[in-house]
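Chains as they are written, first to last, in the working numbering: chain V, 1 to 789; chain S, 790 to 918.
No residue lacks a Cβ here, since even glycine has one placed at the ideal position from N, Cα and C.
The structure appears right after this line, and notes come after that.
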């Protein structure tokens with residue numbers, strides 16, 4: 001309302017920069033004008049601002065090239081138009097991109113690097129980069145496969161960067177340099193033939209001897225799949241019809257532009273710090289038969305399939321933090337009426353959810369993303385999702401156990417948002433099967449998880465009566481001293497005493513004195529110390545306390561805290577720890593969730609340690625529950641706590657070292673000041689002592705961590721060997737449901753914690769996974785070794 | 790102004806979420822299961838009616854790591870628990886006394902004046918009753 005013409009004159013530079021950023025980021029989004037006119041307009045604006053804002057514009061364009069790969073061709077067209085108007089700017093942009101690419105490779109940002117390579121290659125289509133210089137760069141990429149003594153995953157990445165750019169630029173490069181391209185493609189073929197594939201089975205979602213004929217490439221190593229797509233593309237004379245190419249509309253302008261040559265690009269050498277992307281396997285669920293009424297799904301060997309999937313993955317990567325935006329962006333992917341978009345979206349989401357070793361993002365994100373998608377497309381998406389669920393259920397028999405875990409978590413959480421409505425009768429076939437088989441097991445675990453999100457009676461109500469055999473137990477506590485009829489049990493009277501005492505707010509000392517009267521079944525007379533392992537003492541105390549605190553998690557946690565001293569004393573020895581865990585199980589075996597939170601608390605308050613939990617999980621008492629999901633949740637949670645603990649102390653050590661270094665610097669910089677010297681000397685002592693203590697703590701924690709993994713591997717080997725020997729001597733088939741579950745659980749340990757386990761390779765090879773081991777078990781170790789080899 | 794700045798700083802560093810619109814029947818176990826999907830939970834504190842000392846439809850969830858609380862805000866906020874859309878918000882941190890409803894009747898303020906019938910939250914609002 002004040003002085004409009006004054007406002008016009010004094011726009012702040014930062015405002016203009018913000019406006020530029022906004023204009024650039026938003027181009028290509030839904031607009032009343034056509035994309036071409038928006039690009040033309042924006043090119044004009046940017047050209048005018050180049051004199052004053054060149055470096056800012058360069059930076060924004062480089063960033064969108066890296067972070068908005070789903071809009072690749074929009075931005076390459078924009079750069080093409082700018083290059084046509086200002087040759088120098090085009091050259092500076094290309095240089096900036098090369099610098100950015102080198103930076104990304106140096107800091108292991110390989111996913112971003114692929115986007116940059118693809119961007120550069122599409123700049124050939126926009127007449128910014130000369131085709132021969134792009135071919136030269138690709139020759140250097142493919143040349144990496146000739147390097148000696150480098151990990152295969154390094155060669156894989158450079159090969160991927162080359163091949164995955166070809167849908168965009170294959171045609172142009174082949175037209176200009178067909179001989180060179182043919183050579184590159186034949187080098188690619190021979191590389192793919194000779195590379196080893198031992199590790200691939202470990203990463204497959206479904207283990208099958210023959211892939212389903214409709215999903216020929218599902219389970220394929222991602223490079224092999226891409227190679228077959230490129231081969232088909234070449235056969236089709238590089239005709240690619242799916243990618244949106246705005247630059248075609250500007251052909252007359254762009255072909256007048258002068259092109260730049262890429263400087264010779266040498267791939268940065270392999271170093272010890274290089275961490276390449278993990279190998280991946282293609283996941284496919286749908287094909288052209290799955291949506292009979294809608295548009296046809298591009299075939300599994302088509303490059304269109306590859307491009308669509310890449311773009312949808314990019315959209316998720318850009319917007320995963322905002323589920324509503326992510327859903328909207330996925331649904332507005334162009335080509336909506338030419339491709340069965342809902343099917344592609346669902347397939348891509350499940351591909352990420354089931355990815356081994358880990359999904360790219362936290363599991364719960366995918367659940368809520370699918371819910372948002374259902375909200376936005378209530379008439380179509382829920383049906384596709386139901387179809388997908390049905391297909392996954394049908395193939396449970398060969399689904400990797402880790403993926404089944406994720407399927408269980410997703411499905412139960414999803415149902416809890418839709419009143420648990422599902423056509424359970426459709427799955428009645430599982431009722432006639434052995435309960436350990438994958439399908440009934442899946443339904444049982446889903447119902448158990450559904451119960452955790454609601455309550456027992458709800459679950460009884462939502463399934464048909466015939467499904468009661470799969471329904472979870474009522475999560476009640478089992479107190480062995482509860483009934484008068486149990487009064488002949490040893491420790492019964494002490495249990496009664498304890499109950500009264502605890503209800504009367506007894507102290508730890510009073511508890512100790514009551515427990516003193518408990519005889520030790522392990523020996524004739526008690527020690528004078530009274531602190532040797534006494535299983536009966538543990539049993540009476542833990543049973544009674546947990547029973548009294550059974551009302552809720554908070555009650556149980558309070559109980560653990562109040563009587564922490566008693567727990568620590570009773571569980572001082574390794575046997576004590578194991579027995580505490582046993583009793584917890586006996587009391588709460590109907591409430592796995594309670595067992596999990598109690599074990600977690602006991603580790604955090606150091607009543608038990610991680611190794612005790614591992615030994616308990618592999619103990620014979622738990623054999624009956626060994627394949628149940630909650631057991632593995634507990635074990636992996638335990639390992640994660642151990643890992644976090646090591647990281648935390650390590651961080652403390654690094655921080656203290658940094659503090660000492662800063663102190664030394666301060667002291668060295670004013671060395672004329674005697675007073676300062678003396679006072680920092682006094683401070684140094686404690687800091688250096690601290691560092692020494694922390695160093696010891698780190699070493700002890702790392703040793704505990706290593707021991708945990710060794711215990712776990714050792715127990716797996718013992719268990720699996722027992723089974724294999726029994727089968728061999730009895731002449732029975734090794735491959736029982738239990739065996740499949742167990743061997744995949746072993747694989748899961750390797751995959752989920754691969755970075756840490758890599759440190760132990762020598763020990764594992766020499767001590768545990770030796771040549772004498774049964775080849776079934778050894779194969780798992782060899783596959784793991786091949787992963788980053 | 791000083792306290793507002795402090796408050797905002799506490800919220801930026803907080804690992805605690807306030808959770809609202811729970812059913813009176815929703816248990817600590819259910820909350821633990823749902824919110825455990827974004828990370829390890831340090832503590833759940835159920836909101837209580839000041840008079841009856843029974844659940845009155847809200848709670849606090851504290852995580853060990855802020856990143857886990859952020860993921861809860863991203864992916865659990867606005868989804869259903871016990872068939873109800875629940876709402877999460879950053880909380881400056883639990884202090885003794887904050888577990889009680891501040892409505893005149895002992896429950897939450899919102900249940901004093903609302904006009905609708907909500908079976909999961911004691912039926913009609915207190916003033917209507």
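Status (buried if at least 16 other CB within 10 Å, exposed otherwise) for residue i
i, result
"residue 354(V)", "buried"
"residue 259(V)", "buried"
"residue 164(V)", "buried"
"residue 761(V)", "exposed"
"residue 454(V)", "buried"
"residue 743(V)", "buried"
"residue 914(S)", "buried"
"residue 783(V)", "buried"
"residue 640(V)", "exposed"
"residue 486(V)", "exposed"
"residue 51(V)", "exposed"
"residue 74(V)", "buried"
"residue 808(S)", "buried"
"residue 266(V)", "exposed"
"residue 556(V)", "buried"
"residue 240(V)", "buried"
"residue 592(V)", "buried"
"residue 772(V)", "exposed"
"residue 918(S)", "exposed"
"residue 450(V)", "buried"
"residue 852(S)", "buried"
"residue 311(V)", "buried"
"residue 509(V)", "exposed"
"residue 730(V)", "exposed"
Cross-chain neighbours of residue i in chain V, by beta carbon under 8 Å
i, result
"residue 827(S)", "362 and 364"
Interface partners of residue i on chain S, CB under 7 Å
i, result
"residue 416(V)", "869"
"residue 368(V)", "864 and 868"
Under 7 Å from the C-beta of residue i: neighbouring residues of chain V
i, result
"residue 807(S)", "Ordered by position in chain V, no residue passes the 7 Å Cβ test against residue 807(S), which lies about 17 Å from the chain."
Chain C contact residues for residue i, given Cβ-Cβ distances below 8 Å
i, result
"residue 553(V)", "Here chain C cannot be found, since the structure's protein chains are V and S."
Contacts of residue i in chain S (Cβ-Cβ under 8 Å)
i, result
"residue 321(V)", "863"
"residue 593(V)", "818, 821 and 822"
"residue 597(V)", "821"
"residue 371(V)", "868"
Terminal residues of the alpha helix (DSSP H) in which residue i lies
i, result
"residue 844(S)", "Unbroken run through residue 844(S) is the beta strand (DSSP E), 844-852; no alpha helix (DSSP H)."
"residue 856(S)", "855-864"
"residue 602(V)", "592-604"
"residue 588(V)", "574-588"
"residue 201(V)", "200-203"
"residue 134(V)", "131-143"
"residue 150(V)", "Looking at the DSSP string, residue 150(V) is not in any alpha helix (DSSP H), and its letter there is neither H nor E."
"residue 765(V)", "Segment: none, residue 765(V) is in no alpha helix (DSSP H) and carries neither H nor E."
N-terminal and C-terminal residue of the beta strand (DSSP E) that residue i is part of
i, result
"residue 877(S)", "876-880"
"residue 835(S)", "830-837"
"residue 808(S)", "805-809"
Proximal chain V residues relative to residue i, where beta-carbon distance stays under 9 Å
i, result
"residue 810(S)", "Under the 9 Å cutoff, chain V gives no residues; its nearest Cβ is about 15 Å from residue 810(S)."
Please list the residues of the segment 626-656 of chain V that have a C-beta atom closer than 9 Å to any C-beta atom in chain S, keeping them in chain order. 637, 640, 641 and 644
Counting only Cβ-Cβ distances shorter than 7 Å, please list the residues of the segment 872-899 of chain S near chain V, keeping chain order. 872
Contacting positions in the segment 392-425 of chain V - beta carbon closer than 8 Å to chain S: 409, 413, 416, 417 and 419
Quick check on the DSSP output: what are the complete beta strand (DSSP E) runs of length 3 or more inside the segment 340-372 of chain V, in order along the chain? none
Selection of the segment 428-453 of chain V by Cβ proximity to chain S, strictly under 7 Å: Close to chain S, meaning a Cβ-Cβ distance shorter than 7 Å, are the following residues of the segment 428-453 of chain V: 452 and 453.
For the segment 233-314 of chain V, list the alpha helix (DSSP H) runs that are entirely contained and at least 4 residues long, ordered along the chain. 251-254
Contact list for the segment 693-722 of chain V against chain S, Cβ threshold 8 Å: none
Which complete beta strand (DSSP E) runs does the segment 685-743 of chain V hold, if anything under 3 residues is left out? none
Scan the segment 503-567 of chain V and note each continuous alpha helix (DSSP H) run of 4 residues or more that stays entirely inside, going in chain order. 508-515, 535-548 and 553-562
Go through the segment 393-470 of chain V residue by residue and report every complete run of the beta strand (DSSP E) that reaches 3 residues or more, in order. Correct list: empty.
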